[in-house]
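Okay, structure first, notes after.
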Amino acid sequence: MHYIELIFVKAWAEIKSEASRAYIGFLWWFIEPLLYMAAFYLIFGIGLRQGGENYLFFLLCGLVPWKWFSSTLNSGSKSITANVGLINQVYLPKYLFPLVVVAINTFKFMMVFPILLIFFWFSEFEPSATWLALIPIILCQFFLIIACASLLASLVPYLPDLRYVIENGMLLLMFLSGVFFSIEEMESGVRDILMLNPVALLLNSYRNVLLNGESFIWLDLIRVSLFSVIIGLVSWYILKKIDRKVIKEI
């Protein structure tokens with residue numbers, strides 16, 4: 035079986051298995067992110083009274099892509115160690131395991147993101163040709179996720195405590211990425227530093243398209259792409275080096 039086909043077969047098997055463990059099955063994938071977003075809106079939008087009248091839409095533009103990113107990296111970092119039983123039984127290239135996690139979470143994202151677009155459509159934000167700019171933004175995020183998840187998956191077997199750093203680091207990164215506030219409105223020095231974060235650039239791009247009706251900034255996506263290529267090459271090199279050795283560490 036071709037490895038690409040194996041990724042999708044294993045991902046679909048995991049998806050069905052996960053759905054079968056919940057009484058409401060696939061519906062949980064829609065309910066869970068809604069609860070996730072509602073909780074943050076209650077805290078930041080109502081409780082702390084952040085933002086203006088369109089703060090809910092601003093928040094959703096950040097939370098939905100962020101959820102895709104954070105969920106994949108948290109699960110992807112443990113993808114090799116979580117499959118030790120399978121690794122002991124048969125040889126598989128280790129890069130397959132983070133890619134399976136990416137496929138699973140991308141499928142979930144593609145189920146939720148259209149609902150976000152429909153919500154915007156039925157609100158005051160009418161769809162336009164500018165929305166087509168979402169395609170390269172999503173693709174850039176997809177490759178960024180692959181690169182980062184693969185790198186973390188290659189390191190965790192040798193640095194198991196890194197799992198706890200990742201979990202807490204993702205919480206810090208969420209705040210540094212401008213999920214809850216506009217980085218563009220901050221002082222220039224702080225803004226320039228925070229905009230070095232590729233996730234912040236992506237979230238800003240989503241908001242430019244959906245909230246402002248503008249296209250993305252090409253330089254931002256080029257910077258994200260270059261970062262993804264560098265991290266991707268590093269992770270590929272490490273995964274190739276540890277491919278047949280990692281079993282001794284897990």
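Mapped onto our numbering, the consecutive letters of the sequence shown carry residue numbers 35 to 284. Glycine included, every Cβ here is placed at the ideal spot set by N, Cα and C.
For the pair the region 261-276 and the region 179-187, tell me if three or more CB-CB distances fall below 8 Å.
yes
For residue 205, count the other beta carbons within 10 Å of its own beta carbon; 16 or more makes it buried, fewer makes it exposed. Which is it?
exposed
May I ask whether a heavy atom of the ligand PLP can be found less than 7 Å away from the beta carbon of residue 280?
Of ligands this structure carries none, so the ligand PLP is not represented either.
Should residue 283 and residue 191 be called a contact, given that it needs their Cβ atoms to be closer than 8 Å?
yes
Beta-carbon gap between residue 238 and residue 254 smaller than 8 Å:
yes
Using the C-alpha atoms, what's the distance from residue 100 back to residue 120?
30 Å
Let me check understanding here. Comparing Cα to Cα, which of 222, 243, 114, 171 lies closest to residue 155?
243
In whole angstroms, what separates the C-alpha of residue 55 from that of residue 44?
17 Å
On a CA-only basis, which of 270, 257, 105, 250 is nearest residue 163? Give me that one, please.
250
Starting from the N-terminal side, write out each stretch of the alpha helix (DSSP H) that is 4 residues or longer and does not extend beyond the region 108-170.
118-123, 130-155
C-alpha gap between residue 245 and residue 275, whole angstroms:
44 Å
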